[in-house]
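Encoded as structure tokens, the structure appears first; notes follow it.
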Amino acid sequence: MKIQAGQVAVITGAGGGIGKQLAAQLAHRGVNLALVDINPDALEATQQSLSNSSVRITLHALNIGDCEGMKALADDVVEAHGGVNILINNAGITIQKSFETHSIEDWRRVMDVNWWGVIYACKFFLPALKAAGKKDGAHIINLSSMAAFVGLPEQASYCTTKSAVQVLSETLWSEFNDDNIGVTAVHPGCVKTDMIKATMNESDNVELAERHYNMVQRVGVSAEYAAARMLKAIEKNSIRIRIGKDSIMLDLIKRLLPKGILKPMVKVHRQSLTTP
0 MKIQAGQVAV
10 ITGAGGGIGK
20 QLAAQLAHRG
30 VNLALVDINP
40 DALEATQQSL
50 SNSSVRITLH
60 ALNIGDCEGM
70 KALADDVVEA
80 HGGVNILINN
90 AGITIQKSFE
100 THSIEDWRRV
110 MDVNWWGVIY
120 ACKFFLPALK
130 AAGKKDGAHI
140 INLSSMAAFV
150 GLPEQASYCT
160 TKSAVQVLSE
170 TLWSEFNDDN
180 IGVTAVHPGC
190 VKTDMIKATM
200 NESDNVELAE
210 RHYNMVQRVG
220 VSAEYAAARM
230 LKAIEKNSIR
240 IRIGKDSIML
250 DLIKRLLPKG
260 ILKPMVKVHR
270 QSLTTP
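Residue numbers for the sequence shown follow numbering that gives the first Met the number 0, beginning at 0 and rising by one.
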């Protein structure tokens with residue numbers, strides 16, 4: 000699908016990181032925006048950063064894990080913009096805890112954002128996307144992760160939800176192909192955003208979580224680069240993309256050594272717990 004001026008894109012998690020960069024790059028190409036985030040101040044900051052753009056921008060502050068709220072969101076966006084061409088399910092959350100210390104509430108929080116938020120958006124925006132598909136085409140981007148490739152220690156809820164998003168995206172690609180709706184699963188590796196920082200103080204080991212965050216800031220790709228890759232995936236109608244050498248390598252190693260990859264991961268995890 001060709002990205003063109005005058006189209007409409009919905010972006011969840013638009014208050015920062017990759018979502019903010021997606022908004023900037025789409026606005027630069029003349030795409031009107033419906034920006035979604037749980038943080039209204041962050042949404043306003045994103046809008047301010049686009050003050051020189053002439054595109055139409057609407058802000059929608061809500062929890063994407065709220066079913067009724069997401070249903071109303073779809074109605075509000077279609078009423079405000081007249082339709083939707085691109086849906087980008089970018090919002091995500093991670094909690095660095097062992098399975099044992101993951102509370103049921105922790106699981107629900109992560110599932111609400113990473114899983115149900117994607118389900119609700121795809122479900123409730125589908126009529127608008129099908130209408131766009133009959134004209135110039137439509138596209139859905141679902142943020143999975145390299146964490147979908149292998150179970151990572153202290154990331155049970157994150158890996159579980161991101162694996163589910165990967166398989167969902169493949170199913171939707173098959174079902175929506177005849178409707179001229181493309182679907183892409185995106186598997187970023189380390190990206191320089193504040194996602195880890197947002198829940199760092201809830202981690203089992205805050206010091207370890209901080210080291211993990213600092214490592215991501217050192218070796219990760221930029222949010223700007225990740226956003227550009229995602230927009231290219233829309234135009235190429237890619238089924239999936241991996242962003243970053245770490246994502247590519249982890250995927251390949253898991254395919255070659257589906258069992259062998261786990262023991263080194265356990266060893267590295269043990270060392271990380273004891274290394275200052």
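In this text, a Cβ means the ideal position worked out from N, Cα and C, and glycines have one as well.
- Per DSSP, the beta-bridge partners of residue 96 are 154.
- Within the stretch 88 to 151, the runs of alpha helix (DSSP H) that reach at least 4 residues and sit entirely inside it are, in chain order, 103 to 110, 116 to 132.
- Taking residue 28 as the centre and dropping the five residues before and after it, the same chain places the C-beta of 2, 4 closer than 7 Å to its C-beta, in chain order.
- Pairing residue 195 with residue 50, the inter-Cα distance amounts to about 29 Å.
- The beta-carbon distance between residue 188 and residue 116, rounded to whole angstroms, is 22 Å. This is too long to meet the 8 Å contact definition.
- CA-CA distance, residue 156 to residue 234, rounds to 31 Å.
- By the Cβ neighbour-count rule, residue 11 is buried, with 16 or more other Cβ atoms within 10 Å of its own.
- A residue is called buried when at least 16 other Cβ atoms come within 10 angstroms of its Cβ; residue 221 does not meet this threshold and is exposed.
- Between residue 45 and residue 34, the beta carbon gap of about 6 Å places them in contact (Cβ cut-off 8 Å).
- For the pair residue 179 and residue 197, the Cα-to-Cα distance works out to about 37 Å.
- The criterion of a C-beta distance shorter than 8 Å is not satisfied by residue 124 and residue 171.
- Beta-bridge analysis with DSSP links residue 60 to 36.
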